């Protein structure tokens, strides 16, 4: 049996095991194999039947990319890996970015899937608000198509691929796909006029009008692309041992998780700003159209 102090450490290890499952896809069997012990022995440790050996705890800490004192002293670095912290980070209000994301998009905070669904519904509403203006409909529709494609690609990957790969491979796939999609989106927004002319067969002169939100929107899209590229690069640096680098050298980068920890918060803020920019563009365009009608009527008089 374990002493009260040992049981407290076991509770932390259990939370870290769940965190490894959520973050890196490791099962208890995977963890026991990496620790060099049997699954039954590992379950005995987790259930308090027997006490963890020091060598096993050191190996487990290394697997979590922590140090032994992190687990023994329950440091902030260890708490970041707890499954509860990963699942409820936004609701807990642990930092300013999470608080802002919670205030901006409460429904989206539940998961990436719900964030994408909420975003798609917002862009559908913007398309209806655009009315007959081809430019605003094009931009809102393009954003809608992008996020629908992202949802259709990433959600099946999360269900089918992620359970069979480790966290490094899963994050590499996800961040890489999102970066490519945003680069394509920047291209379609940058050449909006050319594409709109082809879509309308050059019959609608309004497609030649410059939209006041083109530049801010492209800046936001570059923000999306840089965020995903940064997360992609950070993931590579954090897992150099998977790229053939000596583990002793790679160990110093294991705690490099700033973008990963705040990715959803940054993403939510950018999404909120994108919706606001598109809405402002629609309102400005409608006001300009009304002023144009008034000017034409006065001119005819």
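In our numbering, the protein residues as written are 202 to 502. Backbone N, C-alpha and C fix where the C-beta goes; we use that ideal spot for every residue, glycine too. From a predicted model like this one, the values you see are computed outputs, not experimental measurements.
If you count every other CB in all the chains shown that lies within 10 Å of the CB of residue 272, and 16 or more means buried, which is it?
buried
Throw me the rounded Cβ distance for the residue 520 and residue 440 pair, which I believe falls under 8 Å.
What the structure shows of the chain is the stretch from 202 to 502, and residue 520 is not part of that stretch, so it cannot be assessed.
Could you tell me how far apart the beta carbons of residue 462 and residue 281 are, in whole angstroms, since I believe they sit closer than 8 Å?
7 Å
DSSP-derived helix/strand/coil call for residue 253:
Residue 253: coil per DSSP, three-state reduction.
May I ask you to report which of helix, strand or coil DSSP gives residue 445?
Note: residue 445 maps to coil in three-state DSSP.
Measure from the alpha carbon of residue 468 to the alpha carbon of each residue in 235, 436, 422, 266, then state which is nearest.
The shortest C-alpha to C-alpha distance from residue 468 to any of 235, 436, 422, 266 is the one to 422.
Let me know the secondary structure DSSP gives residue 281 once reduced to three states.
coil
Contact check, residue 444 vs residue 390 under 8 Å by CB: the rounded distance?
Cβ-Cβ separation between residue 444 and residue 390: approximately 34 Å, too far for a contact (criterion under 8 Å).
Buried or exposed: where does residue 393 fall if 16 or more other Cβ atoms within 10 Å of its Cβ makes it buried?
buried
Once you ignore the five residues that flank residue 437 on each side, which residues in its own chain have a CB closer than 8 Å to its CB?
373, 444
Please look up how many angstroms separate the CB atoms of residue 239 and residue 233, rounded, as I've assumed it's under 8 Å.
The Cβ separation is near 6 Å, so the contact holds.
Taking the C-alpha atoms as reference points, what is the distance between residue 213 and residue 258?
11 Å
How many angstroms separate the CA atom of residue 479 from the CA atom of residue 355?
25 Å
C-beta contact flag for residue 435 and residue 442 at 9 Å
Not in contact: residue 435 and residue 442 (Cβ atoms no closer than 9 Å).
Under 8 Å by Cβ, that's how I've got residue 371 and residue 433 pegged, so tell me the actual separation to the nearest angstrom.
Between residue 433 and residue 371 the Cβ distance is about 12 Å, and since that is not below 8 Å, they are no contact.
How would you call residue 256, buried or exposed, if buried means at least 16 neighbouring beta carbons within 10 angstroms?
exposed
Rounded C-alpha distance that separates residue 218 from residue 430
About 29 Å.
Where does residue 459 fall in DSSP's three states?
Residue state, collapsed to three classes: helix.
For the alpha helix (DSSP H) that residue 334 lies in, which residues bound it at each end?
Looking at the DSSP string, residue 334 is not in any alpha helix (DSSP H), and its letter there is neither H nor E.
In this structure, how does DSSP classify residue 468 when only helix, strand and coil are distinguished?
Collapsing the DSSP output to three states places residue 468 in a helix.
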